[in-house]
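Here the protein sequences line up with chains A and B, keeping their order. Residue numbers for the first sequence follow the working numbering, beginning at 373 and rising by one. Residue numbers for the second sequence follow the working numbering, beginning at 373 and rising by one. Backbone N, C-alpha and C fix where the C-beta goes; we use that ideal spot for every residue, glycine too. The structure presented is a predicted model; accordingly, all values stated were derived computationally and were not measured. Take a look at the structure set out below.
Protein chains: 2
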Amino acid sequence: MQTLLSHINSYHSLNDEAQKAVENCFEQHVFSKNEYLLTEGKICRHLFFLEKGAIRGYYTLDGKEITYWFGFENDFVTSFHSFITQQPSVENIQFLEGSIVWAISKERLTRLFNEHHEIERLVRIAYEKYYIRLEERFVGAQFKSAAERYENLIRQSPHIIERVSLGHIASYLGISQETLSRIRSRL
Amino acid sequence: MQTLLSHINSYHSLNDEAQKAVENCFEQHVFSKNEYLLTEGKICRHLFFLEKGAIRGYYTLDGKEITYWFGFENDFVTSFHSFITQQPSVENIQFLEGSIVWAISKERLTRLFNEHHEIERLVRIAYEKYYIRLEERFVGAQFKSAAERYENLIRQSPHIIERVSLGHIASYLGISQETLSRIRSRL
DNA sequence: CGCCGAGTTGAACTGAATCAAGAAACGTGG
DNA sequence: CCACGTTTCTTGATTCAGTTCAACTCGGCG
Numbered sequence: 373m374q375t376l377l378s379h380i381n382s383y384h385s386l387n388d389e390a391q392k393a394v395e396n397c398f399e400q401h402v403f404s405k406n407e408y409l410l411t412e413g414k415i416c417r418h419l420f421f422l423e424k425g426a427i428r429g430y431y432t433l434d435g436k437e438i439t440y441w442f443g444f445e446n447d448f449v450t451s452f453h454s455f456i457t458q459q460p461s462v463e464n465i466q467f468l469e470g471s472i473v474w475a476i477s478k479e480r481l482t483r484l485f486n487e488h489h490e491i492e493r494l495v496r497i498a499y500e501k502y503y504i505r506l507e508e509r510f511v512g513a514q515f516k517s518a519a520e521r522y523e524n525l526i527r528q529s530p531h532i533i534e535r536v537s538l539g540h541i542a543s544y545l546g547i548s549q550e551t552l553s554r555i556r557s558r559l
Numbered sequence: 373m374q375t376l377l378s379h380i381n382s383y384h385s386l387n388d389e390a391q392k393a394v395e396n397c398f399e400q401h402v403f404s405k406n407e408y409l410l411t412e413g414k415i416c417r418h419l420f421f422l423e424k425g426a427i428r429g430y431y432t433l434d435g436k437e438i439t440y441w442f443g444f445e446n447d448f449v450t451s452f453h454s455f456i457t458q459q460p461s462v463e464n465i466q467f468l469e470g471s472i473v474w475a476i477s478k479e480r481l482t483r484l485f486n487e488h489h490e491i492e493r494l495v496r497i498a499y500e501k502y503y504i505r506l507e508e509r510f511v512g513a514q515f516k517s518a519a520e521r522y523e524n525l526i527r528q529s530p531h532i533i534e535r536v537s538l539g540h541i542a543s544y545l546g547i548s549q550e551t552l553s554r555i556r557s558r559l
């Protein structure tokens with residue numbers, strides 16, 4: 373819980389009262405490797421904070437799994453589309469490692485927004501950061517070569533290589549596993 | 373101004389007091405075709421609402437212009453990265469048609485957030501919509517073929533063809549103008 | 001020991017880029 | 001209202017990055 377609070381404070385520092393409220397609303401859960409946080413067709417009713425571990429979001433297309441995001445320590449995770457719209461998810465969310473997460477339901481979060489302007493502000497600020505991150509990734513996907521995307525990834529998260537299989541990384545970068553293997557052999 | 377207010381209310385309806393505050397904080401500007409709202413290197417200090425007209429955001433890479441978004445009626449526009457971080461913009465924002473915009477400075481917007489929880493909520497909700505939109509576009513860029521991306525675009529905004537040149541659309545889709553021309557001839 | 005998943009390597013294929021040239025449409029001045 | 005230059009769009013030939021399919025290697029584990 374301390375991890376969550378100090379992460380939150382790095383976005384926007386909350387007063388004691390709001391912090392207490394946050395503490396009361398998140399619940400801890402522990403998952404083991406390969407377990408699912410959410411599967412296709414279910415409505416995602418919670419927002420999660422990943423205290424420890426690793427996780428991926430993927431959907432299936434023509435029988436293949438397309439991994440399109442990873443989460444690690446200190447990431448907020450959810451099926452964004454499903455959580456916001458409360459429609460069935462098209463994606464699956466699966467743990468890549470044994471993990472500790474903190475969960476809050478959408479209703480509780482909404483209640484927190486109503487009771488604490490500060491918490492809505494915090495989330496507004498968090499959205500800004502996540503939006504910028506996604507924008508950068510979009511530009512990479514649309515306008516950069518496979519090798520450049522890989523190099524960027526390694527520069528930004530060098531640790532990822534030891535924690536995620538090559539196949540998942542290739543998928544994340546939008547390239548085939550063979551191509552990624554060849555890119556690596558050239559470095 | 374009525375356009376802006378009714379658009380805002382479609383996201384999240386504001387009480388009279390907050391609406392008044394919004395009215396007082398946005399200023400109208402009129403621009404003609406090819407004028408710039410922002411150029412590379414400048415810090416974007418305003419958020420804009422496009423009441424009428426069309427606009428594009430682009431950056432230059434190897435001497436070529438890469439258009440990566442368009443704005444039309446009822447879109448909020450800004451250089452998101454620059455506006456949020458208050459760092460120099462890497463992008464240019466240029467009008468494609470004579471346009472009417474409403475502008476609010478970052479300071480004024482921040483003040484509105486402080487004075488009206490509701491307005492911060494409105495923006496939080498707007499971010500959610502814009503995030504989902506970007507996420508869809510990202511998935512398209514990473515995992516769909518050029519032809520599919522074009523077809524999706526036409527399905528979502530059939531009007532775009534009459535208002536934006538082929539070259540800009542090709543750039544937006546992340547393909548060359550020649551390829552787009554060939555895709556069209558095949559339909 | 002043999003199997004299995006993860007990663008590598010090779011060869012053929014393909015979607016899209018690039019280079020190059022021409023055709024249409026568009027706007028401006030005479 | 002036409003003539004000319006400019007910009008926009010199309011079409012063709014060639015090249016290239018990345019995919020696909022297939023075979024092979026390697027390390028771990030029952």
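- Task: Kindly indicate the opening and closing residues of the alpha helix (DSSP H) around D388 of chain A.
- Result: In the DSSP annotation of this structure, the continuous segment of the alpha helix (DSSP H) that includes D388 of chain A starts and ends at D388 to C397.
- Identify every run of the alpha helix (DSSP H) within the segment 410 to 490 of chain B, keeping only runs that are complete inside it and at least 4 residues long; order them along the chain. Runs of the alpha helix (DSSP H) inside the segment 410 to 490 of chain B: 452 to 457 and 478 to 487.
- Message: Only counting the same chain, and skipping five residues up and downstream in sequence, which positions put a Cβ closer than 6 Å to that of A519 of chain B?
- Response: For A519 of chain B, where only same-chain residues beyond five positions count, the Cβ hits under 6 Å are I555.
- Residue environment, G435 of chain B, which counts as buried when at least 16 other CB atoms sit within 10 Å: Classification of G435 of chain B: exposed, given that the 10 Å Cβ count is below 16.
- Task: Taking only the alpha-carbon atoms, compute the straight-line gap between Q459 of chain B and H453 of chain B and give it to the nearest angstrom.
- Result: Going by the C-alpha atoms only, they are around 8 Å apart.
- Query: Quick one, which of A:Y440, A:Y430 and A:S378 has its alpha-carbon nearest Q514 of chain B's?
  - Reply: Of A:Y440, A:Y430 and A:S378, the smallest CA-CA separation from Q514 of chain B is found for A:Y440.
- Task: Step through the CB atoms of chain B and report whether any lies within less than 8 Å of the CB of F485 of chain A.
- Result: At a cut-off of 8 Å between C-beta atoms, F485 of chain A counts as an interface residue with respect to chain B.
- Identify every residue that forms a DSSP beta bridge with F515 of chain A. According to DSSP, residue pairing for F515 of chain A in a beta bridge does not occur.
- 8 Å Cβ cutoff met for R493 of chain A and C397 of chain A: No, these two residues do not count as a Cβ contact at 8 Å.
- Three-pair Cβ contact test at 8 Å for the segment 461 to 472 of chain B versus the segment 397 to 408 of chain B: Yes: the two stretches touch, three or more of their Cβ pairs being nearer than 8 Å.
- Other residues of its chain near T411 of chain A: CB distance less than 7 Å, five sequence neighbours each side excluded: Cβ neighbours of T411 of chain A beyond the five flanking positions: N464.
- Query: Would E437 of chain B pass as a contact of S543 of chain B if the rule is Cβ separation under 8 Å?
  - Reply: Yes, they are a contact pair.
- Short CB-CB distance (under 8 Å) between Q458 of chain B and chain A: Judged by the 8 Å Cβ criterion, Q458 of chain B is not in contact with chain A.
- Item | Other residues of its chain near Y522 of chain A: CB distance less than 7 Å, five sequence neighbours each side excluded | Residues L545, L552 and I555 of the same chain have their beta carbon placed closer than 7 Å to that of Y522 of chain A, with the five preceding and five following residues left out of the count.
- Could you tell me which chain B residues have their CB closer than 7 Å to the CB of L410 of chain A, listed as they occur along the chain? Against L410 of chain A, chain B offers no close residue; the least beta-carbon distance is about 16 Å (beta-carbon pairs closer than 7 Å).
- Query: Between Q514 of chain A and chain B, is there a C-beta pair that is closer than 8 Å?
  - Reply: Chain B, which has a Cβ nearer than 8 Å to the Cβ of Q514 of chain A, makes this yes.
- Task: Pick helix, strand or coil for V536 of chain A, following the three-state DSSP scheme.
- Result: Assignment of V536 of chain A by DSSP, reduced to helix, strand and coil, places it in the coil class.
- Message: Can you tell me which residues form a DSSP beta bridge with V402 of chain A?
- Response: DSSP lists A:I472 as partners of V402 of chain A.
- Does the distance from the CB of L376 of chain B to the CB of E423 of chain B come in under 8 Å? The answer is yes: Cβ separation under 8 Å.
- Task: Determine, using beta carbons only, whether V536 of chain B and A426 of chain B come nearer to each other than 8 Å.
- Result: Result yes, Cβ atoms of V536 of chain B and A426 of chain B sit closer than 8 Å.
- Item | Rounded distance between the beta-carbons of H418 of chain B and I476 of chain B, thought under 8 Å | Indeed, because the Cβ distance is near 6 Å, the residues count as touching under 8 Å.
- In the segment 524 to 552 of chain A, which residues sit with their C-beta less than 8 Å from some C-beta in chain B, listed in chain order? Answer in chain order: G546.
- Interface partners of F452 of chain A on chain B, CB under 9 Å: The contacting residues are E500, Y503, I504 and E507.
- What residues are listed by DSSP as bridge partners for Y408 of chain B? Its beta-bridge partners are B:Q466.
- Item | Member of A:F444, A:H488 and A:S548 whose CA lies at the smallest distance from the CA of P530 of chain A | Checking every option, the nearest Cα to that of P530 of chain A belongs to A:F444.
- Query: By the criterion of Cβ-Cβ separation under 8 Å, what are the contact partners of E492 of chain B in chain A?
  - Reply: Going along chain A in sequence order, the residues near E492 of chain B (Cβ under 8 Å) are H489, E492, R493 and R496.
- Give the interface partners of V511 of chain A over in chain B, defined as CB-CB distance under 7 Å, in chain order. Per Cβ cutoff of 7 Å: Y440.
- Query: Can you give the Cα-Cα distance for D447 of chain A and R428 of chain A, rounded to whole angstroms?
  - Reply: D447 of chain A and R428 of chain A have their C-alpha atoms spaced approximately 12 Å apart.
- Query: When we look at the beta-carbon of T482 of chain B and count the other beta-carbons within 10 Å, is it buried (16 or more) or exposed?
  - Reply: Within 10 angstroms of the beta-carbon of T482 of chain B lie fewer than 16 other beta-carbons, which makes it exposed.
- If we call anything under 8 Å between Cβ atoms a contact, is Y503 of chain A one with L506 of chain B? Inclusion of Y503 of chain A and L506 of chain B in the CB contact set at 8 Å is warranted, their separation being smaller than that value.
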